[in-house]
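Trainee: Take 1 as the starting number for the sequence shown in the numbering used here and just add one per residue.
Idealized CB from N, CA, C, for every residue including glycine.
Note that the structure is predicted; figures quoted are calculated from it, not measured.
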Amino acid sequence: MVVDLAREVLDGVRKRVLAGSPAPAGHQIAEAVLDLMTDLAEPSPRPVINATGVVIHTNLGRAPLSDAALAAADAVGRGYSDLEIDLGTGRRGSRQAHLQSLLRRITGAEAALAVNNNASALLLGLSALAAGREVIVSRGEAVEIGGGFRIPDVLRQSGCTLVDVGTTNRTYVRDYADAMTEQTGAFLKAHASNFKVEGFTAFVGERELVALGESSGVPVLHDVGSGALLPTDRYGLAHEPTPQESIAAGVGLVFFSGDKLLGGPQAGIVVGKRDLVTRLERHPLARAVRIDKMSLASLTATLAHYAMGEAENKVPVWRMISTSAEDVRARADNWRAALATHQVQTGVEPARSAIGGGSLPGETLPSWTLSVDPSPDRSPEAVLSALRDHSTPVIARIADDTVRLDPRTVLPEQDDDVIRAIATVMAR
1 MVVDLAREVL DGVRKRVLAG SPAPAGHQIA EAVLDLMTDL AEPSPRPVIN ATGVVIHTNL
61 GRAPLSDAAL AAADAVGRGY SDLEIDLGTG RRGSRQAHLQ SLLRRITGAE AALAVNNNAS
121 ALLLGLSALA AGREVIVSRG EAVEIGGGFR IPDVLRQSGC TLVDVGTTNR TYVRDYADAM
181 TEQTGAFLKA HASNFKVEGF TAFVGERELV ALGESSGVPV LHDVGSGALL PTDRYGLAHE
241 PTPQESIAAG VGLVFFSGDK LLGGPQAGIV VGKRDLVTRL ERHPLARAVR IDKMSLASLT
301 ATLAHYAMGE AENKVPVWRM ISTSAEDVRA RADNWRAALA THQVQTGVEP ARSAIGGGSL
361 PGETLPSWTL SVDPSPDRSP EAVLSALRDH STPVIARIAD DTVRLDPRTV LPEQDDDVIR
421 AIATVMAR
């Protein structure tokens, strides 16, 4: 490997010299080889500290896991497990059995299924229930979320035909009824999780759509997106639809993510009526998108927090959301006092923390940030870059030409690392 890297560096040097650049010294070439070796040997992705104030930061891996979820994944990853064996009978079992009882208890659904992410869960649901048939969607809900994931594209890939009804801002139940044919395979509702439509609007509720579907034998599928299992309005935020509400309304299948407001690992979760879930389980695509053992273990441990009524204290996402502005300020004040001993001048400023991750668009929480004033010969961007380049990378943001760090999204055990990073960067 070392020889290959040396040749790679030398090839690059020769090309630059032929293009007119000066030849580097021998030790510079050696250092370039060492840098490449270090990059290859270092584990990746790397852990970083999220000081942006965005609770569910997609670019930073979304939800951090609870201690119990991490321990569960570590335990099954280190050795063998009862992933697909029934310890009572000694015969082959289902990996889905590990979380089905928890999901039924938490959501009130008859049955449940977990796959590797919510996009694949929706693809599986549409393929199993409506391939070759029409799926009716409100025009205001034919949405696109991050990464170019579009509802019309998923429908097309699953072999369904999109029939959009209503208008961007107003759709009525009669629009669905008028569009129904013998080829109608499902009604699909998709929560607009990353944007708002306000003003002169009208949307069809789940109960209305279920009543129409039951009268004609058409199942209702609802993608609620973020997987909020706790009421967000309890924390001064707008209401986010919950899987429990959709199940109570009689929806056939509800789809949601595991790594957003649920606060677990990446996963796609389906809950709903037993006969519909069974059709998904038996579809060939189910194996292609099945959840892996470590994600399954950490998801089960996360769900257990909800079943035990301890999610607000144990699940990091909810611990961050439920933290008061006063407690955030106290941590920022502690950071400021600690940095003063390193002769680093900082301030504490009011701010707003975003939820992020395609959840609760536009909703923020009152917070406080530590502000770091760069020196006259150093820009805020340079300080931000230096923090990212620290041995423990710290991801901050810029506001009013100062670097801001929000303690809300920094895990308590990371406080010393943040202080050390700022002190080191500013000492340079």
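Quick check: the Cα distance between residue 173 and residue 209, rounded to an integer number of angstroms?
Mentor: Indexing the sequence shown from 1 puts residue 173 at position 173. Indexing the sequence shown from 1 puts residue 209 at position 209. Taking the straight line from one Cα to the other gives about 7 angstroms.
Trainee: Assess, as a yes-or-no matter, whether the segment 179–195 is touched by the segment 132–140 under the definition of 3 or more beta carbon pairs within less than 8 angstroms.
Mentor: Yes, they touch.
Trainee: Taking residue 223 as part of the beta strand (DSSP E), name the residues at either end of that continuous run.
Mentor: Numbered from 1 along the sequence shown, position 223 holds the residue referred to as residue 223. Element bounds for residue 223: 220–225.
Trainee: Give me the residue from 223, 253 and 297 with the minimum Cα distance to residue 241.
Mentor: Walking along the sequence shown from the start, residue 241 turns up at place 241. Taking only the C-alpha atoms, the option nearest residue 241 is 223.
Trainee: Could you check how far apart the C-beta atoms of residue 158 and residue 180 are, in whole angstroms? I think they sit under 8 angstroms.
Mentor: Here residue 158 refers to the residue found at position 158 of the sequence shown. Here residue 180 refers to the residue found at position 180 of the sequence shown. No, residue 158 and residue 180 are not in contact; Cβ-Cβ is about 19 angstroms, not under 8 angstroms.
Trainee: Near residue 94, what residues of its chain come up, given a Cβ to Cβ distance below 7 angstroms and the 5 sequence neighbours on each side ignored?
Mentor: Here residue 94 corresponds to residue number 94 of the sequence shown, with the count starting at 1. 84.
Trainee: Does the beta-carbon distance from residue 107 to residue 254 come in below 9 angstroms?
Mentor: Within the sequence shown, numbered from 1, the residue matching residue 107 stands at position 107. Within the sequence shown, numbered from 1, the residue matching residue 254 stands at position 254. Cβ distance < 9 angstroms, so residue 107 and residue 254 count as in contact.
Trainee: Within the chosen definition, does the segment 330–338 reach the segment 265–283 through at least 3 CB pairs nearer than 8 angstroms?
Mentor: Verdict: no, contact absent.
Trainee: Does residue 321 come out as helix, strand or coil in the three-state DSSP assignment?
Mentor: For the purposes of this step, residue 321 is taken as the residue at position 321 of the sequence shown. The answer is helix: DSSP assigns residue 321 an H, G or I state.
Trainee: Candidates 418, 139 and 272: which alpha carbon is nearest residue 125's?
Mentor: Taking the sequence shown and counting its residues from 1, the one referred to as residue 125 is at position 125. Checked all of 418, 139 and 272; the closest Cα to residue 125 is 272.
Trainee: How about residue 5 and residue 40: do their beta carbons lie closer than 9 angstroms?
Mentor: Counting from 1 along the sequence shown, the entry for residue 5 is found at position 5. Counting from 1 along the sequence shown, the entry for residue 40 is found at position 40. Their beta carbons are under 9 angstroms apart, which means residue 5 touches residue 40 by this criterion.
Trainee: What residues match up with residue 136 in a beta bridge as DSSP calls it?
Mentor: The residue labelled residue 136 in the question sits at position 136 within the sequence shown. 163 and 187, per the DSSP bridge assignment.
Trainee: Let me make sure I understand the geometry here. Which of 231, 318, 337 and 416 has the alpha-carbon closest to that of residue 62?
Mentor: The residue labelled residue 62 in the question sits at position 62 within the sequence shown. Ranking 231, 318, 337 and 416 by Cα distance to residue 62 puts 318 first.
Trainee: Taking the alpha-carbon positions, what's the residue 178 to residue 247 distance?
Mentor: As a working note, residue 178 is residue 178 in the sequence shown. As a working note, residue 247 is residue 247 in the sequence shown. When rounded, the distance between both Cα atoms is 25 angstroms.
Trainee: At the level of alpha carbons, what is the spacing between residue 30 and residue 18?
Mentor: The residue given as residue 30 occupies position 30 in the sequence shown. The residue given as residue 18 occupies position 18 in the sequence shown. Residue 30 and residue 18: Cα-Cα distance of roughly 20 angstroms.
Trainee: Is it true that the CB of residue 376 sits closer than 9 angstroms to the CB of residue 402?
Mentor: Within the sequence shown, numbered from 1, the residue matching residue 402 stands at position 402. Within the sequence shown, numbered from 1, the residue matching residue 376 stands at position 376. The answer is no: Cβ separation not under 9 angstroms.
Trainee: First and last residue of the beta strand (DSSP E) that includes residue 353?
Mentor: Numbered from its first residue, the sequence shown carries residue 353 at position 353. Taken as a continuous stretch (DSSP letters only), the beta strand (DSSP E) holding residue 353 covers 346–354.
Trainee: Should residue 115 and residue 294 be called a contact, given that it needs their Cβ atoms to be closer than 9 angstroms?
Mentor: The count along the sequence shown starts at 1 and reaches residue 115 at position 115. The count along the sequence shown starts at 1 and reaches residue 294 at position 294. Not closer than 9 angstroms, so no.
Trainee: According to DSSP, is residue 216 part of a helix, a strand, or is it coil?
Mentor: The residue given as residue 216 occupies position 216 in the sequence shown. Residue 216: helix per DSSP, three-state reduction.
Trainee: Can you name, in chain order, every residue of its own chain whose Cβ lies under 8 angstroms from the Cβ of residue 96, other than the five neighbours on each side?
Mentor: Reading the sequence shown from its first residue, position 96 is the one you call residue 96. The residues are 112, 113, 114 and 281.
Trainee: Would you be able to state if there are at least three C-beta pairs under 8 angstroms between the segment 342–359 and the segment 11–26?
Mentor: With a cut-off of 8 angstroms, the segment 342–359 and the segment 11–26 do not count as touching, because too few Cβ pairs lie within range.
Trainee: Hey, out of 3, 410 and 161, whose CA is closest to residue 47's CA?
Mentor: Position 47 of the sequence shown, counting from 1, holds the residue named residue 47. It is 410 whose Cα lies nearest to the Cα of residue 47.
Trainee: Would you tell me roughly how many angstroms separate the C-alpha atoms of residue 155 and residue 214, rounded to the nearest one?
Mentor: Indexing the sequence shown from 1 puts residue 155 at position 155. Indexing the sequence shown from 1 puts residue 214 at position 214. In a straight line, the C-alpha of residue 155 is about 22 angstroms away from that of residue 214.
Trainee: When burial is assigned at 16 or more other CB atoms within 10 Å of the CB, is residue 244 buried or exposed?
Mentor: Here residue 244 is taken as the residue at index 244 of the sequence shown, counted from 1. Classification for residue 244: buried.
Trainee: On a CA-only basis, which of 87, 130 and 57 is nearest residue 163? Give me that one, please.
Mentor: Your numbering for residue 163 matches position 163 in the sequence shown. With distances taken between Cα atoms, residue 163 lies closest to 130.
Trainee: Can you tell me whether DSSP reads residue 286 as helix, strand or coil?
Mentor: Sequence index remark: in the sequence shown, residue 286 carries index 286 (1-based). In this structure, residue 286 counts as helix in the three-state DSSP scheme.
Trainee: What does the alpha-carbon distance come out to for the pair residue 315 and residue 144?
Mentor: On the sequence shown, residue 315 is found 315 positions in, with the first residue counted as 1. On the sequence shown, residue 144 is found 144 positions in, with the first residue counted as 1. One C-alpha to the other measures close to 28 angstroms.
Trainee: Helix, strand or coil for residue 295? Go by DSSP, reduced to three states.
Mentor: If you number the sequence shown from 1, residue 295 lands on position 295. If DSSP states are grouped into helix, strand and coil, residue 295 belongs with the helices.
Trainee: Where do the ends of the beta strand (DSSP E) carrying residue 268 lie?
Mentor: Residue mapping note: residue 268 aligns to position 268 of the sequence shown, counting from 1. Counting along the chain, the beta strand (DSSP E) containing residue 268 begins and ends at 268–272.
Trainee: Can you tell me which of the three DSSP states residue 109 falls into?
Mentor: As a first step, residue 109 is located in the sequence shown; it is residue number 109 there, counting from the start. Residue state, collapsed to three classes: coil.
Trainee: Determine the contact status of residue 261 and residue 355, defining contact as a CB-CB distance below 9 angstroms.
Mentor: Within the sequence shown, the letter at position 261 stands for residue 261. Within the sequence shown, the letter at position 355 stands for residue 355. Contact flag set, yes.
Trainee: Is any beta-carbon of chain D found at less than 9 angstroms from that of residue 30?
Mentor: Any reference to chain D falls outside this structure, which holds one protein chain only.
Trainee: Taking the alpha-carbon of residue 390 as reference, which of 427, 301 and 53 has the nearest alpha-carbon?
Mentor: Start at 1 with the first residue of the sequence shown, and residue 390 comes out as number 390. With distances taken between Cα atoms, residue 390 lies closest to 427.
Trainee: How would you call residue 305, buried or exposed, if buried means at least 16 neighbouring beta carbons within 10 angstroms?
Mentor: By one-based count along the sequence shown, residue 305 stands at place 305. Buried, since its Cβ has 16 or more Cβ neighbours within 10 Å.
Trainee: So, using beta-carbon positions, are residue 257 and residue 236 closer together than 9 angstroms?
Mentor: As a first step, residue 257 must be located in the sequence shown, where it is residue number 257. As a first step, residue 236 must be located in the sequence shown, where it is residue number 236. No. Outside cutoff.
Trainee: Measure how close the beta-carbons of residue 65 and residue 298 come, nearest whole angstrom, since I'm counting them as under 8 angstroms.
Mentor: Stepping through the sequence shown from its first residue, residue 65 is reached at position 65. Stepping through the sequence shown from its first residue, residue 298 is reached at position 298. About 6 angstroms; that satisfies the 8 angstroms criterion.
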